[in-house]
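First residue of the sequence shown? That's 703 in the working numbering, and the numbers climb one at a time after it.
What follows is a short report on a single structure.
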Amino acid sequence: MNIPFLDLRAPHEELRAELRAAFERVLDSAWFIQGAEVKQFEGEFAAYCQSDHCIGVGNGLEALHLILCAYGLGCGDEVIVPSNTYIATWLAVTHTGARPVPVDPDEVTYNLSPEKIEAAITSRTKAIVAVHLYGQPADMDAINAIAQRHGLKVIEDAAQAHGAWYKGRRVGSLGDAAGFSFYPSKNLGALGDGGAVTTNDPVLAERVRTLGNYGSKVKYQHDVIGYNSRLDEVQAAFLRIKLRHLDGWNERRREIAGHYLSALAGSGLVLPGVLIDTQPVWHLFVVQVEQRETLQKRLLQAGISTMIHYPIPPHRASAYVEGWGDQGSCIIADRLAARVLSLPLDPYMPDESVARVVQAIRS
Ligand SMILES: *Cc1c(COP(=O)(O)O)cnc(C)c1O
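Next comes the structure, spelled out in structure tokens:
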């Protein structure tokens, strides 16, 4: 039996009847945009994230983009971003007209190094986007302290970290605002695209909601140049069902990650480090290995699928490489891109599969 990297069939098979009923409910209501399901999901997800407000939006990229727009960022501004992230983090900044300024991560937690942020701050810097990469909370106390000293906004990119804890608080309530993605493979995934913004700032919440709805608060009255970025009723209905399972799924992810961490200690792989007083949700279990291609090929021969997140860092993407002055400035991101390997990890993975991955790596 092959071990897939991620099994998206299993959770939806288990929830098939509930998902069908939710779909029928929306179908019967004949109300597909901005209705009761989205409203209820927003309340439930805000409460889950320990956040005052939640606004459903079209996807994770737009969640981040709308936050930055709502804060008025634009040409001439700079935003600090991790050098090693999914490109969406950078694109959200670029789309406002501001410039993403990459900062290299800590090599063991894969998240922003607070010590390196301050050196990248200039008079143009307006915000820091902290990514909770692979489901591990970034060091938000340290990042918030720097932001406070320099008068910057802090935005969480929580697209990979639904439900993670940082010092007793949920991700999504740790900065000025947070962007979530419900892309199907995320810890909380829709059956299509979806996203959300969470924040404790009522003014920002109102602005994001207006911007995502054609710049309109009252139908046919358009106050600002807006966008169309809304979560729809069908996806919200699905997400409400899946949200009830998120803690259980994340618990199983922690169990598997815990097993990997103990069973692979001393195997020659560099294992991910966890900040104290945090509970990651292990969106991905990413190791570092010198002979990556060899290991990946051997594992595949044993029927085990792995992936690379991400093989090309944003500053090396064709979209960004042109006009990028200093190619040598993201040394750690380059190093990680050459060495990282994501092992299979999903909540429906049986213990025997976890054991087989460990055994295959050890041999
Ligand atoms: C998935 C992801 C996004 C973008 O989310 P979409 O819903 O695909 O637009 C942004 N940031 C990170 C870190 C992600 O993993």
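Glycine included, every Cβ here is placed at the ideal spot set by N, Cα and C.
Check your understanding: Measuring from the CB of Glu858, is there a heavy atom of ligand 1 at a distance below 8 Å?
Key -> no
Practice item. May I ask you to report which of helix, strand or coil DSSP gives Glu992? Key: coil
**Study point:** Segment limits, alpha helix (DSSP H) that includes Thr811
**Key:** From DSSP, Thr811 is part of no alpha helix (DSSP H); its letter is neither H nor E.
**Study point:** Residue from Ile1014, Leu971 and Pro1046 whose Cα sits closest to the Cα of Cys1032
**Key:** Ile1014
Check your understanding: Can you tell me whether Trp984 is buried or exposed, with buried defined as 16 or more other CB within 10 angstroms of its CB?
Key -> buried
**Study point:** Residue from Gly914, Ala844, Asp1048 and Ala1004 whose Cα sits closest to the Cα of Arg955
**Key:** Asp1048
Exercise for review: Using 8 Å as the cut-off, classify the Cβ of Phe743 as near or not near the heavy atoms of ligand 1, replying yes or no.
Suggested key: no
Review point. Tell me, which residues are paired with Lys855 by DSSP?
Key: Ala829
**Study point:** Residues near Cys837 in its chain [Cβ-Cβ closer than 8 Å; skip 5 each side]
**Key:** First, the residue type needs correcting, since residue 837 is Gly and not Cys in the sequence shown. Same-chain partners within the cutoff: Gln862, Ala863, Ala866, Asn889, Arg955, Pro982, Val983, Trp984, His985 and Leu986.
Review point. So, using beta-carbon positions, are Thr900 and Ala939 closer together than 9 Å?
Key: no
**Study point:** Reference Leu1045, options Val728, Gln850 and Val1059, closest by Cα
**Key:** Val1059
Practice item. Please state if the CB of Tyr868 and the CB of Leu973 are separated by a distance shorter than 9 Å. Key: no
Review point. Which value, in whole angstroms, describes the spacing of the CA atoms of Thr824 and Arg851?
Key: 13 Å
Exercise for review: Say yes only if the C-beta of Gly897 is nearer than 8 Å to one or more non-hydrogen atoms of ligand 1, and no if none qualify.
Suggested key: yes
**Study point:** Whole runs of the beta strand (DSSP E) within the region 957-1002, excluding any shorter than 3 residues
**Key:** 987-990
**Study point:** Boundaries (first-last residue) of the beta strand (DSSP E) holding Cys756
**Key:** His755 to Val759
Point to revise | Contact test: Glu764 Cβ vs ligand 1 heavy atom, cutoff 8 Å | key: yes
Check your understanding: Any heavy atom of ligand 1 closer than 8 Å to the Cβ of Ala861?
Key -> yes
Review point. Which residues in the same chain have their Cβ closer than 6 Å to the Cβ of Arg722, if we skip the five residues on either side of it in sequence?
Key: none
Review point. If you draw a straight line from the alpha carbon of Val728 to that of Phe734, how long is it in whole angstroms?
Key: 7 Å
Check your understanding: Does the Cβ of Asn786 lie closer than 8 Å to at least one heavy atom of ligand 1?
Key -> no
Practice item. Can you check the region 840-897 for any beta strand (DSSP E) of at least 3 residues that lies completely inside it and give the ranges in chain order? Key: 855-859 and 879-883
**Study point:** Bridge partners - Ile705, DSSP secondary structure assignment
**Key:** Ile1006
Point to revise | Contact check, Asn902 vs Ser1007, beta carbons under 9 Å | key: no
Review point. What is the DSSP secondary structure of Val910, counted as helix, strand or coil?
Key: helix
Check your understanding: Can you tell me the Cα-Cα spacing of Val1042 and Gly737, whole angstroms?
Key -> 43 Å
Review point. With a CB to CB cut of under 7 Å and the five nearest residues on each side skipped, what residues in its chain are close to Ala724?
Key: Ala939, Phe940 and Ile943
Review point. So what does DSSP say about Asp730, is it helix, strand or coil?
Key: helix
Review point. Could you give the distance in angstroms between the alpha-carbon of Leu770 and the alpha-carbon of Gly968?
Key: 43 Å
Practice item. Measuring alpha carbon to alpha carbon, tell me which of Val910, Arg946 and Met703 ends up nearest Cys756. Key: Val910
Review point. What is the rounded straight-line gap between the Cα of His1011 and the Cα of Ala1039?
Key: 8 Å
Check your understanding: Name the DSSP beta bridge partners of Arg801, please?
Key -> Glu780
Practice item. Report, in whole angstroms, the separation of the C-beta atoms of Thr796 and Leu775, which I expect to be a contact under 8 Å. Key: At roughly 11 Å, the Cβ-Cβ gap does not stay under 8 Å, so Thr796 and Leu775 are not in contact.
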